[in-house]
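Here is the structure we will look at, set down as C-alpha cells.
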Amino acid sequence: MRSEEFRRHAHALVDWMADYLEAEVPRVAPATKPGDVLAQLPNTAPEHPETFEDIFRDFEAFIVPNMTHWNDPKWFAYFPANNSPPSVLAEMLTATLGAQCMSWQTSPAATELEQVVMNWLKKACDLPESMVGVLQDTASTATLVAMLTAREKFTHGEFGRTGTSPQTLRVYATDQAHSSIDKAVKLAGFGSTNLVRVATTSDLSMDPDALANAVLADLQAGHTPSVVCATVGTTSTTANDPLRAIGRVCDQHGLWFHVDAAYAGSAALLPEKRHLFEGLEYADSYVFNPHKWLLTNFDCTAYYVRDPDALLYACGLTPEYLRTAWDGDVPNFRDWGIQLGRRFRALKLYFVMRSYGVTGLQALLRNHIEMADALRAEVQKHPEFECHDSGEYGLVCLRATPQDVQDLNALNASILSYANGALCGYATHTVVDGKFLIRISIGQWRTTPDHVFAYWRALQAGLRAAKGA
Ligand SMILES: *Cc1c(COP(=O)(O)O)cnc(C)c1O
Numbered sequence: 003m004r005s006e007e008f009r010r011h012a013h014a015l016v017d018w019m020a021d022y023l024e025a026e027v028p029r030v031a032p033a034t035k036p037g038d039v040l041a042q043l044p045n046t047a048p049e050h051p052e053t054f055e056d057i058f059r060d061f062e063a064f065i066v067p068n069m070t071h072w073n074d075p076k077w078f079a080y081f082p083a084n085n086s087p088p089s090v091l092a093e094m095l096t097a098t099l100g101a102q103c104m105s106w107q108t109s110p111a112a113t114e115l116e117q118v119v120m121n122w123l124k125k126a127c128d129l130p131e132s133m134v135g136v137l138q139d140t141a142s143t144a145t146l147v148a149m150l151t152a153r154e155k156f157t158h159g160e161f162g163r164t165g166t167s168p169q170t171l172r173v174y175a176t177d178q179a180h181s182s183i184d185k186a187v188k189l190a191g192f193g194s195t196n197l198v199r200v201a202t203t204s205d206l207s208m209d210p211d212a213l214a215n216a217v218l219a220d221l222q223a224g225h226t227p228s229v230v231c232a233t234v235g236t237t238s239t240t241a242n243d244p245l246r247a248i249g250r251v252c253d254q255h256g257l258w259f260h261v262d263a264a265y266a267g268s269a270a271l272l273p274e275k276r277h278l279f280e281g282l283e284y285a286d287s288y289v290f291n292p293h294k295w296l297l298t299n300f301d302c303t304a305y306y307v308r309d310p311d312a313l314l315y316a317c318g319l320t321p322e323y324l325r326t327a328w329d330g331d332v333p334n335f336r337d338w339g340i341q342l343g344r345r346f347r348a349l350k351l352y353f354v355m356r357s358y359g360v361t362g363l364q365a366l367l368r369n370h371i372e373m374a375d376a377l378r379a380e381v382q383k384h385p386e387f388e389c390h391d392s393g394e395y396g397l398v399c400l401r402a403t404p405q406d407v408q409d410l411n412a413l414n415a416s417i418l419s420y421a422n423g424a425l426c427g428y429a430t431h432t433v434v435d436g437k438f439l440i441r442i443s444i445g446q447w448r449t450t451p452d453h454v455f456a457y458w459r460a461l462q463a464g465l466r467a468a469k470g471a
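Reading the sequence shown from the start, the letters are residues 3 to 471 in this note's numbering.
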C-alpha cells in the first residue's frame, strides 16, 4: 500500500471509528451460530492483491455483524473490557511505531514510560511505596508469574533446575478465587491437588482463622505451605478477602501473599474504597487490570511486586544475542515476565491518565458505582428480587425469588434469557452456593442510568413472562 493510499484510508477509518464509538448497536451480542463466519469466508488466501475497498466492505459485511460489542453502553456482561478515545488513539500510534519493547535498548522510551505510568498508578491508588510495577498482558499471566516466582523461592531454584520439588508446596485460596489461580497452580507445577480451598464466611470472603488452621494442618502433615491467593472483588460477586488478617498469617509463616484485584483494583483510586485494600502492605505480589475498569484497551495488566530480585530470579535469562551495554543499569522488562517480545502497552495508559487525570478517572468510577447503588436500591425494594453482591463496586448480582416458583435457577435463567433477548442490553450469570445469579456489571464509559434501568425493566418483564407461562 502506497503512502497516499494509506493516508486516505486511515482518515476514512478514523471517521468509521468515531461513528462506532458514538453509536449504539441494536444487538450487543450477535445471533451468530457456530460456523456462520467460516461459511462466508474463502478457505484459501487470495492469490492476488485485493483492494482496500474490497477488504473493508467484507469487514463491514462479515466481521462487524458477527462481533460481540463489548463497548456498547448496554454492555452488562462479565466485567467490562473498556476502551476510550485516548486509549484507541494511543493504540493507533503503538501499531504505527510497531516497536518491540523487550529490553531498554530496544525502545528506551517504552521502558521508561512504563516505569513512569506504573509509578503514577501506584501513587494514585495509594499502593505500598516499596512496590515496583511492570505491565503484563493479562491477570492470568501475572498470577502465573507470581506462582513461578514463589515456586523458585520456596525450592531455592531447585524446581527450575531439575523440574522437581523436594517439598510438597501448598497453595491456599477460597472457592471464589478466579480460575486463573487454578490454572497457574497447574501450569507452575504445584499440582492441582495442592490447591487448598480455604473456607469462607457468610459474605463469601476468606475466613482467616480457617486459613491459619489449614496452614497448621499442612505443617503437621509435613507439607510446605507456600502461597496464599487472596481476592479483592471476586469475579462472581465481588467478595473481598480481608487482606490484613490474611497478611498476618502469611507474615507469621513466611508465606508468599498474592493479591488478585483484577477488576476491583481500579477502585483503589477512590479514597472511600481504600479500606478494601488495607493490608496490601503484606502482599508480595498484586495484580489489577486497567483493561477492565480503567478505560484502557485490552490488554493492559498492572503487576506490582515487593521484591523484583525474586521475580528476576524466576524469569530472568540473557542469551548472548540479547546482551546490551546497559544491562546492569536499566530494567529489561523481558526478564520481568514470560514473554520475550513485548508490546508498547504503557503508551495507552499514559494517554488515558493524562487525558482524564486522576479526578476524571475517579468521577467515572464513582458514576458507575452510583448507578450500581441506584439499581441495588430498586432491586431491594422489589418484593420478588434480591441482591447477592458485596455492594461495593459496579457489579450488581441479583435473582428473582417469588414464593410460588419451585425451581428458582431455571426461573432466573429464563429471566436472563428474556432480558437479553429483548435487546435492552446483555448480561451474563454465575452460580454461587447452588444459586443462579444474574450479574449486571456496570462499567462502560457511555453507560447511563437509562441503559441500566431499561435492562432492569426487561428483567422484571422476564419475571412476569415466566410466571404467566
Ligand atoms: C477477570 C479476572 C481475572 C482474569 O483476567 P485476565 O486479565 O483476563 O487474565 C483474574 N482474576 C479476577 C478476580 C478477575 O475478575
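We put the beta carbon where it would ideally sit given N, CA and C, even for glycine. Bear in mind that the values here come from a model prediction, so they are computed numbers and not experimental data.
query	result
What residue from H71, E154, C399, E283 has the CA that sits closest to A379's CA?	C399
Should P210 go down as buried or exposed, given a rule of 16 or more other Cβ atoms within 10 Å for buried?	buried
Less than 6 Å between the CB of Y323 and some heavy atom of ligand 1, yes or no?	no
Does the beta-carbon of N291, which I'm using as the reference point, lie nearer than 6 Å to any heavy atom of ligand 1?	yes
Using only the heavy atoms of ligand 1, determine whether one of them is closer than 6 Å to the beta carbon of Y358.	no
Which residue or residues does DSSP assign as beta-bridge partners of H260?	C231, S287
Does DSSP classify E388 as helix, strand or coil?	strand
Helix, strand or coil for T98, going by three-state DSSP, please let me know.	helix
Are the stretch 118-136 and the stretch 299-311 in contact at 8 Å, needing three or more beta carbon pairs?	yes
Which residue comes first and which comes last in the beta strand (DSSP E) that contains Y420?	From DSSP, Y420 is part of no beta strand (DSSP E) but of the alpha helix (DSSP H) over 410-423.
Output the boundary residues of the alpha helix (DSSP H) element that contains G470.	451-470
By a C-beta neighbour count over all protein chains shown, 10 Å radius and 16 as the cutoff for buried, is H277 buried or exposed?	exposed
Of all the options V261, G159, T176, A175, which has the alpha carbon lying nearest to the alpha carbon of P168?	G159
Assign P36 to one of two classes, buried (16 or more other C-beta atoms within 10 Å of its C-beta) or exposed (fewer than that).	exposed
So does S142 have its beta carbon nearer than 6 Å to some heavy atom of ligand 1?	yes
Taking 8 Å as the limit between beta carbons, can you name the residues of its chain near H384, skipping five residues before and five after?	Q462
Alpha carbons only, please: which of H390, I444, L351 is nearest the one belonging to G396?	I444
With a threshold of 7 Å on Cβ separation, who are the neighbours of I371 within its own chain once the five nearest residues in sequence on each side are excluded?	Y395, G396
Restricting to Cα atoms, I'd like to know which of F64, V66, T140, Q341 is closest to A83.	T140
For C399, does the three-state DSSP call read helix, strand or coil?	strand
Taking the C-alpha atoms as reference points, what is the distance between V27 and D56?	23 Å
What residues are listed by DSSP as bridge partners for A374?	Partner(s): none; A374 has no beta bridge.
Within the same chain, show all residues whose beta-carbon is closer than 6 Å to that of Y288, passing over the 5 residues directly before and after it, in chain order.	V261, Y306
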